[in-house]
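> In short: position in the sequence shown from 1, add 426, done, that's the numbering used here. Each residue gets a CB set at the ideal place from its N, CA and C atoms; glycine is no exception.
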Amino acid sequence: MLKTYVIWWHSKFIDEISRDTTTIAEIVDKTRKTMKHLQKLQKLEATGKITVKPTGSLNPIYLEIADPSVESEVARNPLVETLYE
427 MLKTYVIWWH SKFIDEISRD TTTIAEIVDK TRKTMKHLQK LQKLEATGKI
477 TVKPTGSLNP IYLEIADPSV ESEVARNPLV ETLYE
């Protein structure tokens with residue numbers, strides 16, 4: 427079974443912000459948490475261990491694993507969803 431790793435950008439960032447009681451503080455908090463998880467992926471990308479597959483879309487963002495030793499780390503990232511084909 428082939429695994430594909432994706433980030434559903436809107437689902438993991440925008441859609442999780444409450445629409446009933448939206449505050450700037452809540453948006454900043456959610457952004458900060460999202461950035462923390464993105465920065466972990468950014469470090470893997472900077473070292474050539476993962477890449478973003480160019481698709482012309484940000485939803486979803488497809489991640490390609492260049493170094494199999496980081497696959498479990500990518501899969502555990504809360505922003506990443508694993509699709510099985």
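Applying the criterion that 16 or more other CB atoms from any shown protein chain within 10 Å of the CB defines a buried residue, is Val478 buried or exposed?
exposed
> Taking the runs of the beta strand (DSSP E) that are 3 residues or longer, which of them lie wholly in the segment 453-490?
476-479
> Only counting the same chain, and skipping five residues up and downstream in sequence, which positions put a Cβ closer than 7 Å to that of Lys475?
Ala492, Asp493 and Val496
> Return the bridge partner residues of Ile433 from the DSSP annotation.
Ile433 is bridged to Ile487.
> Where do the ends of the beta strand (DSSP E) carrying Glu507 lie?
Glu507 to Tyr510
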